[in-house]
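S.K.: This is the structure, below, for whatever I ask next.
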């Protein structure tokens, strides 16, 4: 038994693990972008021939430290290369490096190649040649944190190259990703039940061809003429020929029984012709029906009442204009709803926003990578319930009151929102006590907004079923009044349990959406966390920071997603330092800064406890923003209570404040009392709470407090003398 490593695109690891186990691996464990597995040489050969998902099959040869080029050279030379390669053979080296002192992959590959050929020259008096296309031996060298793993690449070239693709479109779908889409969409089961396969935007035909080969039990590597082990000295020719003969027999039997149930179309006639040539090369042309027409004219083929509609529409990245993409996806969704009842569907959307434009409720969603592009695969059951329009029940009297209130709010605030360019705002905040929720709007200019509905704790005397009904009415009314479809409304509900009501488990979608505030762009996540990444009630506080920031060094404590740092940078701050204990939030903060053009050493992100940072830092800042949580009991820092600890925190900030600087201090603890007695000795304090509350939060004037703190002016020596003389009198 030997250890192997199969690489694959991110998102395919679990599928690949199961596939390798089915191919005979004795152990298989997923890793990032790959699977470690154990097996015989036959297992590895079978993986090269039969894996529909793997990119490469690697046989690790050695692992060693390689902090410099001499250590790298020595590690490669420690292997007896005569066991793998003939002196007159050819080789190639692929190198990858990360988090290491050796940073140039081409140099690393060259140094490794030198170590191999020098060993042959010293022992044999001749050296192997180099062939970057189809060498006898291809080596894979991965260097991470100065630790090298050197492997033999048994695939030789990426396994997604099946050998049938003669031509491709501008944005080709890799064959192993197409296979993953088909498996996630349950194509093998649908095919076994007699269903058809249809792609209404087929491009070069990848999905249809992979689907046909899968249905016919044709090994994906059967048409490949080259593998990386064919020139390897330990290659078992008899074993390989036996596996090939078995695969050919299975393919012949499968193609004899394959039904012609594969249908594709494309608006581009050139793509239709390309798909036909590729199908011919793959040996399945007689089973495919390919036509020229756009997605709006897609319909179930005659005689086919069920099956799978699967497609990879353009994303607006390389094909088409992004602004036109939502309409294309809406058209696709309408076609699926109106014509494909009883079918299953799968769509590889460029992102979650394009997926929402389909107007369908996905039963599953999977993150997949199409090359470097992160995409989302959505799968659907197109039942009659989904496709038939439903009559909506009349609103209850209470819901009608809610609708009247929300319409009045929108009517009164629409002009001001437009005048002030506000796209993120609070539309409703428990205005009617029985409808206990907040409704926030998140948007950007020229785009349909999203809604974030957050349920408040219902009174104890309100039955659970009544509270749930009212919450559903809130979502319905909000969507109708604000013109937002249900799929663009995020809902956070509270669950009753021990300790009272609390928010239930959040979705983990990883969906971020760009919104606009103050001419700046921020990322929000409306589903995964209690907070969204942008505190709407602090809109005017952020504007104040931009006003105060010009020419100053800015320190942002408890930085969260660094929206305040973005505002300060936009206001002309000399530099910004954002401090937070959470690596997740700092990554989010980095993306917010970068989206607004603020990168480099002038915009520092520090993962640290704020108190520890103040204790260790020796810089001085002209503007410090302090917005701590009400409570914190992180395992990585001391417990924090804003009422108990704020004075000590602000006095520590005083030591880091420039003489003419300002501390902007805010927090959301409703019962908070500023400890003026402890702070007045060092600060002049301005209560800026009332001016900091936006008009859309007027009903919750106590939602946060805000104070501006400045150091007392330093007395001159002459003033000290006068004060001293007056004291003596």
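Numbering (full-length UniProt numbering), first residue to last: 1 to 729. Glycine is no exception: its CB is placed at the ideal position from the N, C-alpha and C atoms.
(1) In this structure, does DSSP put residue 653 in helix, strand or coil?
(2) Roughly how many whole angstroms lie between the Cα atoms of residue 642 and residue 394?
(3) Which residues in the same chain as residue 62 place their Cβ atom closer than 7 Å to its Cβ, once the five residues preceding and following it in sequence are excluded?
(4) Taking residue 341 and residue 295 to be in contact with their CB atoms under 8 Å, please state how far apart those CB atoms are, rounded to whole angstroms.
(5) Have a look at residue 471 and residue 435 and give me their C-alpha separation to the nearest angstrom.
(6) Are the stretch 135-155 and the stretch 88-101 in contact at 8 Å, needing three or more beta carbon pairs?
(7) To which residues of the same chain is residue 521 closer than 7 Å at the C-beta, ignoring the five residues directly before and after it?
(8) Report yes if the CB atom of residue 511 is closer than 8 Å to the CB atom of residue 532, and no otherwise.
(9) So which of 133, 208 and 41 has the shortest CA-CA distance to residue 238?
(10) In or out: residue 210 buried (at least 16 other Cβ within 10 Å) or exposed?
(11) Three or more beta-carbon pairs under 8 Å between the stretch 280-298 and the stretch 250-263, yes or no?
(12) Where residue 668 and residue 689 are concerned, what is the direct C-alpha to C-alpha distance, given to the nearest angstrom?
(13) Helix, strand or coil for residue 708, going by three-state DSSP, please let me know.
(14) What residues match up with residue 759 in a beta bridge as DSSP calls it?
(15) Kindly indicate which residue of 124, 123, 122 and 156 has the alpha-carbon position closest to the one of residue 134.
(16) Can you tell me where the beta strand (DSSP E) holding residue 346 begins and where it ends?
(17) Would residue 240 and residue 529 be called neighbours here (beta carbons separated by less than 8 Å)?
(18) What are the boundary residues of the beta strand (DSSP E) that includes residue 198?
(19) From what residue to what residue does the alpha helix (DSSP H) around residue 14 run?
(20) In terms of alpha-carbon separation, which member of 177, 126 and 161 lies closest to residue 33?
(21) Is the stretch 352-366 touching the stretch 227-236, taking contact as three or more C-beta pairs under 8 Å?
(22) If we count the other Cβ atoms within 10 Å of its Cβ and call it buried at 16 or more, is residue 130 buried or exposed?
(23) Using the three-state DSSP reduction, which class does residue 612 fall into: helix, strand or coil?
(24) Pick out whichever of 251, 111 and 203 has its Cα sitting closest to the Cα of residue 212.
(25) Ignore the nearest five residues each way along the sequence and tell me which others in residue 686's own chain have a CB closer than 6 Å to its CB.
(26) Where residue 163 and residue 104 are concerned, what is the direct C-alpha to C-alpha distance, given to the nearest angstrom?
(27) What residue from 370, 328 and 608 has the CA that sits closest to residue 356's CA?
(28) Of all the options 311, 563 and 47, which has the alpha carbon lying nearest to the alpha carbon of residue 172?
(29) Work out the CA separation of residue 334 and residue 414 for me, nearest whole Å.
(30) Please determine, among 88, 349 and 671, the residue with the shortest C-alpha to C-alpha distance to residue 126.
(31) So is residue 366 buried or exposed if we call it buried at 16+ other beta carbons inside 10 Å?
(32) Quick one: using the 10 Å Cβ neighbour count with 16 as the cut-off for buried, is residue 1 buried or exposed?
(33) Using alpha carbons as the reference points, say which of 200, 369, 633 and 428 lies closest to residue 697.
(34) To which residues of the same chain is residue 701 closer than 6 Å at the C-beta, ignoring the five residues directly before and after it?
(35) On the CB-based measure, 16 or more other CB atoms within 10 Å of its CB, does residue 99 come out buried or exposed?
(36) With DSSP collapsed to three states, give me the class of residue 66.
M.R.: Result, derived from the coordinates:
(1) helix
(2) 47 Å
(3) 75, 78, 79 and 150
(4) Not a contact, Cβ separation roughly 17 Å.
(5) 7 Å
(6) yes
(7) 514, 595 and 596
(8) no
(9) 41
(10) buried
(11) yes
(12) 11 Å
(13) strand
(14) Past the edges of the chain, shown from 1 to 729, lies residue 759, and the structure says nothing about it.
(15) 156
(16) 344-349
(17) no
(18) 196-199
(19) 13-22
(20) 177
(21) no
(22) exposed
(23) helix
(24) 251
(25) 708
(26) 32 Å
(27) 328
(28) 311
(29) 31 Å
(30) 88
(31) buried
(32) exposed
(33) 428
(34) 693
(35) exposed
(36) coil
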